[in-house]
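J.: First, the structure itself, so that you have it in front of you.
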Amino acid sequence: MVSADDMGLGALVIPALTSVRPIHEQLVEAVVTALGRLIEEPGLSPEPVAVPVELVARESA
18 MVSADDMGLG
28 ALVIPALTSV
38 RPIHEQLVEA
48 VVTALGRLIE
58 EPGLSPEPVA
68 VPVELVARES
78 A
């Protein structure tokens, strides 16, 4: 079983939950870039953005 965002509680449950943790700096950069584009060109449709994640392997993996 795998969770997202690597919330602190995942390490405390039994078995400890494996998680994927977003790289926050890159996530923030992608959000700021997307918001800037939408502010400059309000008619644009939002586009999907892929942000890398880090696997935090624990007992559930």
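In the working numbering, the protein residues as written are 18 to 78.
Yeah, the Cβ is synthetic: ideal placement off N, Cα and C, and Gly gets one too.
Predicted model, so just to flag it, every value in this text is computed and none were measured.
In the DSSP assignment, what residue or residues form a beta bridge with A21?
T.: Within the sequence shown, residue 21 is the residue found at index 4, counting from 1. DSSP, once it has assigned bridges, lists V37 as partnering A21.
J.: Which term fits D22, buried or exposed, when burial requires 16 or more other beta carbons within 10 angstroms of its beta carbon?
T.: Start at 1 with the first residue of the sequence shown, and residue 22 comes out as number 5. With fewer than 16 Cβ atoms within 10 Å of its Cβ, D22 is classed as exposed.
J.: Assuming V90 contacts A47 under a Cβ cut-off of 8 Å, what Cβ separation, rounded to an integer in Å, is found between them?
T.: There is simply no residue 90 to check, as the chain begins at 18 and stops at 78 in what is shown.
J.: For the beta strand (DSSP E) that G66 lies in, which residues bound it at each end?
T.: Sequence index remark: in the sequence shown, residue 66 carries index 49 (1-based). A quick correction: the sequence has Val, not Gly, at residue 66. Neither: V66 is in no beta strand (DSSP E) and is coded neither H nor E.
J.: Ordered along the chain, which non-local residues of its own chain (more than five positions away) have a Cβ less than 6 Å from that of V73?
T.: Mapped onto the sequence shown, residue 73 falls at position 56. Answer for V73: D23, S36 and R38, listed in chain order.
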